[in-house]
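Worksheet: the structure to be examined is printed underneath.
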Amino acid sequence: MLDVYRRSLLGIEPQPEKKKKRYHINRGGDEIIRSATELTEAGIRFEKSKTRSLRDISFHGGVLKLPLIIVDDLLESLYLNLIAFERFHVGAGNDITSYIFFMDNIIDSARDVSLLHSCRIIQNALGSDKMVANLFNSLSRDIALDPESGLNEVHQLVSDYCQKTWHQWRANLKHTYFTNPWASLSVIAAVFLFALTIIQTVCSILSLLDFLGCPFVFYSIVTWVMHTFLFVNLRFCQGRMITESNF
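Quick note on numbering: the UniProt record's numbering labels position 229 of the sequence shown as 229, and the sequence is numbered without any gaps.
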């Protein structure tokens, strides 16, 4: 019966992919995945998966999708039995164990539980958010992530994403200046004034060159340099956007 319940949690097993790249986690430091609040600060968004299968966990484009889980009084004993089942039944797999290990990494405190609850990933029928955090932290003792599990790849993709400083900078910028309409208007006004200042400076330089009687060729070169500078910056920004969308 326990195996039947386990299979119902995992859903249909996906077909193995040929020549699939395997990721190996370095337990020495930076590769350990961060908590949900820290991942949010690094620019990662959480969404609920389309199914409730514990295998339905994916990461793409800065979005980590997790299945809905209902935390109640029975969950701890059920998961402990499932961990023991996978440990003592050779060939059964370690999908439940890997899932609990993964969830323990992203749930460190009540804040993480509250965040996942706001994303409709956790339904707390246990009590306080702190109790849910303690539950996952206690379940993960003496277990590890199976390197052959699909979660291993998700684990590494999330870690690689967090190590890119551009994502952290973008998330901090959004959190600091775009959390409310007034801050957004202030940023837009500042950028607009900065652009006007540059235009005024360029016009003043060109007027001065014209007043001094500079040759038309030099005047054209200065104009071409300014246009090239603006074009290169525009292409750079577009390249950044395309890179982030394809990550």
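Just so it is clear, CB atoms sit at the ideal spot from N, CA and C, and this is done for glycine as well.
Treat the numbers as computed from the prediction; the structure is a model and nothing was measured.
Q) Should F46 and L116 be called a contact, given that it needs their Cβ atoms to be closer than 8 angstroms? A) The sequence position of residue 46 within the sequence shown is 46, counting from 1. The sequence position of residue 116 within the sequence shown is 116, counting from 1. Result yes, Cβ atoms of F46 and L116 sit closer than 8 angstroms.
Q | Option in R52, Y79, Q200, I32 with minimal Cα separation from P67 | A | The residue given as residue 67 occupies position 67 in the sequence shown. Nearest option by C-alpha distance: R52.
Q: Return the chain-ordered list of same chain residues with a C-beta closer than 7 angstroms to the C-beta of S98, the five sequence neighbours on each side being excluded.
A: Taking the sequence shown and counting its residues from 1, one reaches residue 98 at position 98. Around S98: L145, D146, S149, L151.
Q) If we count the other Cβ atoms within 10 Å of its Cβ and call it buried at 16 or more, is C162 buried or exposed? A) Here the question's residue 162 lines up with position 162 in the sequence shown. Label assigned to C162: buried.
**Q.** Pick from G11, D56, I12 that is closest to V154, judged by C-alpha positions
**A.** Looking up residue 154 in the sequence shown gives position 154. Ranking the options by Cα distance to V154, first place goes to D56.
Q. So, helix, strand or coil for I70, using DSSP?
A. Your numbering for residue 70 matches position 70 in the sequence shown. Looking at I70 - three-state DSSP - the assignment turns out to be strand.
Q | Through-space distance from A195 to N137, alpha-carbon basis | A | Looking up residue 137 in the sequence shown gives position 137. Looking up residue 195 in the sequence shown gives position 195. Roughly 51 angstroms separates the two Cα atoms.
**Q.** Simplified DSSP assignment, three categories, for H60
**A.** By 1-based counting over the sequence shown, the position of residue 60 is 60. Of the three classes helix, strand and coil, the one that applies to H60 here is strand, per DSSP.
Q: Answer yes if the region 32 to 46 comes into contact with the region 98 to 109, meaning at least three C-beta pairs across the two stretches below 8 angstroms, and no otherwise.
A: yes
Q. Is it buried or exposed for L80, if we count other Cβ within 10 angstroms and need 16 for buried?
A. Against the sequence shown, residue 80 aligns to sequence position 80. Under this definition L80 is an exposed residue.
**Q.** For I44 and G62, believed in contact at Cβ under 8 angstroms, the rounded distance
**A.** As a first step, residue 62 is located in the sequence shown; it is residue number 62 there, counting from the start. As a first step, residue 44 is located in the sequence shown; it is residue number 44 there, counting from the start. Correct: roughly 6 angstroms between the Cβ atoms.
Q | Beta-carbon contacts of C119 that lie in its chain and below 6 angstroms, excluding the five residues immediately before and after | A | Residue numbering aside, residue 119 sits at position 119 when the sequence shown is read from its first letter. Excluding residues within five positions, the ones whose Cβ falls inside 6 angstroms are F46.
**Q.** Continuous alpha helix (DSSP H) stretch holding I100: start and end
**A.** Along the sequence shown, read from residue 1 onward, the residue named residue 100 stands at position 100. From DSSP, the alpha helix (DSSP H) with I100 extends over 95 to 106.
Q) Identify the residues that DSSP records as bridge partners of K65: which are they? A) Start at 1 with the first residue of the sequence shown, and residue 65 comes out as number 65. K65 pairs with E47, S58.
Q) Does the distance from the C-beta atom of L126 to that of V132 stay below 8 angstroms? A) Indexing the sequence shown from 1 puts residue 126 at position 126. Indexing the sequence shown from 1 puts residue 132 at position 132. Against a cut-off of 8 angstroms, the Cβ pair of V132 and L126 comes out as a contact.
Q: Please name the residue in I205, L2, I199 whose C-alpha comes closest to that of L78.
A: For this step, residue 78 is matched to residue 78 along the sequence shown. The shortest Cα separation from L78 among I205, L2, I199 belongs to L2.
Q) Which of the three DSSP states, helix, strand or coil, is assigned to E122? A) One-based indexing of the sequence shown puts residue 122 at position 122. In the sequence as presented, Glu is not what sits at residue 122; that position holds Ile. Three-state result, I122: strand.
Q: Using alpha carbons as the reference points, say which of N94, I121, F101, V113 lies closest to S49.
A: Counted from its first residue, the sequence shown places residue 49 at position 49. Ranking N94, I121, F101, V113 by Cα distance to S49 puts I121 first.
Q.
According to DSSP, simplified to helix, strand and coil, what is G150?
A. The residue labelled residue 150 in the question sits at position 150 within the sequence shown. It is helical.
(Q) Going by DSSP, what residue range makes up the alpha helix (DSSP H) through A84? (A) Along the sequence shown, one-based indexing puts residue 84 at 84. Counting along the chain, the alpha helix (DSSP H) containing A84 begins and ends at 75 to 88.
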